[in-house]
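Asker: For the working numbering, count along the sequence shown from 1 and bump the result up by 125. For each residue, glycine too, the CB sits at the ideal point set by N, CA and C. The model shown is predicted, which means the values in this text are computed figures rather than measured ones.
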Amino acid sequence: MKITCFFCSKISNFKFQISISKPKLANVAPDPSVCKNAIRVRIQKQKNEKITRLNILNALQEIGSTIGENDFIQKIDSLAMVGNSTWLISFVSNFNLRILIDQSIKINEREFRLEDAESPVQNFKVFTFKFIGLQPNFNKQHIHNFLVKNGVKSSEIVQIYDEYCIEPEFKHIKKGTIRAKLKFDSNFNLQYKSIVNHLPQNTYINNLPVSIQMVGQPRCLGCNSLDHKIAQCPKKNQKCRKCNNLGHLEVDCNLAKIISTPTNDHNFE
């Protein structure tokens, strides 16, 4: 006696089709400064300065003798401006534009480098931070680890080094301050500004209090503001009700306490 399953017989009458949908690719805008068989020159104009195509063509013509190609101007196919400060010079297909790459042209007594337009513009941002208040012979690996934990890639840490006295007779003496030089490629790391701005001003590294300052940043030591230094600080005329002295409020009375207290709970061990 042959027994046939009712559900199996029904299922066998259906045809199954499995379709796999391809993931949608994000729409990435092409870089307008990238062009085949062309060179690129980036010119940041000064105030009231006017730079035209004729200026660039005359400057290109002047380097002909330098590269041994006096007639290379005849090989130029187009000269176009892309954006506010970038010019693209394309050539006929049989011209070897490699002889122009890394050459310099002179416009209005300023020099500008010729770049390979087939490669994206390298836009590096460099920052140096000072780590102040550390004990002598502090292990720099702790600073490296601290930076990595706060979003900096190891490859973006160029150098971590000691700061020395600038006086000739004392220049061999360390100041107890360590500097960290960071280099970001803004084409690939779009978060570099956030990383730099969110490094704490005061924190702990390896259980030791440390103050962090960006080199070249006008930070006020009185109120930590970035738009002035302590000489222009409005707090200089404020009177503390705790000690009756001018220059701070009662909440900021103990500067040593401020330096040794981490901000935003940035505690790193």
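Given this structure, state the Cα-to-Cα distance separating Cys378 from Ile320, to the nearest angstrom.
Answerer: Here residue 378 refers to the residue found at position 253 when the sequence shown is read from its first residue. Here residue 320 refers to the residue found at position 195 when the sequence shown is read from its first residue. Using only the alpha carbons, I get a separation of about 30 Å.
Asker: Candidates Gln171, Asn370, Asn312, Ile224: which alpha carbon is nearest Leu185's?
Answerer: By one-based count along the sequence shown, residue 185 stands at place 60. Taking only the C-alpha atoms, the option nearest Leu185 is Ile224.
Asker: If the criterion is Cβ atoms closer than 8 Å, does the pair Arg178 and Thr253 meet it?
Answerer: Within the sequence shown, residue 178 is the residue found at index 53, counting from 1. Within the sequence shown, residue 253 is the residue found at index 128, counting from 1. When the beta-carbon positions are compared, Arg178 and Thr253 stay at least 8 Å from each other.
Asker: Taking just the CA atoms, how far does Val251 sit from Phe309?
Answerer: As a position in the sequence shown, residue 309 is number 184, starting the count at 1. As a position in the sequence shown, residue 251 is number 126, starting the count at 1. Looking at the two C-alpha atoms, the distance is approximately 6 Å.
Asker: Kindly identify the DSSP beta-bridge partner or partners of Ala163.
Answerer: Taking the sequence shown and counting its residues from 1, the one referred to as residue 163 is at position 38. Ser215, per the DSSP bridge assignment.
Asker: So for Gly193, helix, strand or coil by DSSP?
Answerer: As a position in the sequence shown, residue 193 is number 68, starting the count at 1. In this structure, DSSP gives Gly193 a state outside helix and strand, which the three-state scheme calls coil.
Asker: Classify Phe249: buried if its beta carbon has 16 or more other beta carbons within 10 angstroms, exposed otherwise.
Answerer: Counting from one through the sequence shown, the residue named residue 249 turns up at place 124. Classification for Phe249: exposed.
Asker: Just the C-alpha distance for Ile330 and Asn362, rounded to the nearest angstrom, thanks.
Answerer: For this step, residue 330 is matched to residue 205 along the sequence shown. For this step, residue 362 is matched to residue 237 along the sequence shown. The alpha-carbon atoms of Ile330 and Asn362 are separated by roughly 34 Å.
Asker: DSSP has Pro334 in a bridge; who is on the other side?
Answerer: Within the sequence shown, residue 334 is the residue found at index 209, counting from 1. Per DSSP, the beta bridge partners of Pro334 are Tyr329.
Asker: DSSP on Ala205, reduced to helix/strand/coil?
Answerer: Looking up residue 205 in the sequence shown gives position 80. Ala205 falls in the strand class under three-state DSSP.
Asker: Spatial neighbours of Gly258 within its chain, please: CB distance less than 7 Å, with the 5 preceding and 5 following residues excluded, ordered by chain position.
Answerer: Counting from one through the sequence shown, the residue named residue 258 turns up at place 133. Excluding positions up to five away in sequence, the list reads Pro334, Val335, Ser336, Ile384.
Asker: Say whether the segment 210-219 touches the segment 194-202, bearing in mind that this needs 3 or more beta-carbon pairs closer than 8 Å, one atom from each stretch.
Answerer: yes
Asker: Just how far apart, CA to CA, sit His267 and Val277?
Answerer: Against the sequence shown, residue 267 aligns to sequence position 142. Against the sequence shown, residue 277 aligns to sequence position 152. Roughly 14 Å separates the two Cα atoms.
Asker: Is the segment 163-180 touching the segment 231-240, taking contact as three or more C-beta pairs under 8 Å?
Answerer: yes
Asker: Are Ser244 and Glu236 close, meaning C-beta to C-beta below 8 Å?
Answerer: As a working mapping, residue 244 is identified with position 119 in the sequence shown. As a working mapping, residue 236 is identified with position 111 in the sequence shown. The answer is no: Cβ separation not under 8 Å.
Asker: Specify the secondary structure class of Ser210 as computed by DSSP and reduced to three states.
Answerer: Walking along the sequence shown from the start, residue 210 turns up at place 85. Three-state DSSP puts Ser210 in coil, outside helix and strand.
Asker: Just to confirm before moving on: does the CB-CB distance between Ile176 and Ile226 stay below 8 Å?
Answerer: Taking the sequence shown and counting its residues from 1, one reaches residue 176 at position 51. Taking the sequence shown and counting its residues from 1, one reaches residue 226 at position 101. Contact check for Ile176 against Ile226 fails: the beta carbons are separated by 8 Å or more.
Asker: Rounded C-beta distance between Leu204 and Leu182? I'm assuming under 8 Å.
Answerer: Numbered from its first residue, the sequence shown carries residue 204 at position 79. Numbered from its first residue, the sequence shown carries residue 182 at position 57. Between Leu182 and Leu204 the Cβ distance is about 7 Å, and since that is below 8 Å, they are a contact.
Asker: Whole angstroms are fine: how far does the CA of Asn327 sit from the CA of Asn369?
Answerer: Looking up residue 369 in the sequence shown gives position 244. Looking up residue 327 in the sequence shown gives position 202. Between Asn369 and Asn327, the alpha-carbon positions lie close to 26 Å from each other.
Asker: Would you report the Cα separation of Lys172 and Leu307, rounded to the nearest angstrom?
Answerer: Here the question's residue 172 lines up with position 47 in the sequence shown. Here the question's residue 307 lines up with position 182 in the sequence shown. Inter-residue distance for Lys172 and Leu307 is about 31 Å (C-alpha atoms, whole angstroms).
Asker: With a threshold of 16 other CB atoms inside 10 Å of the CB of Tyr286, please say whether the residue is buried or exposed.
Answerer: As a position in the sequence shown, residue 286 is number 161, starting the count at 1. Label assigned to Tyr286: exposed.
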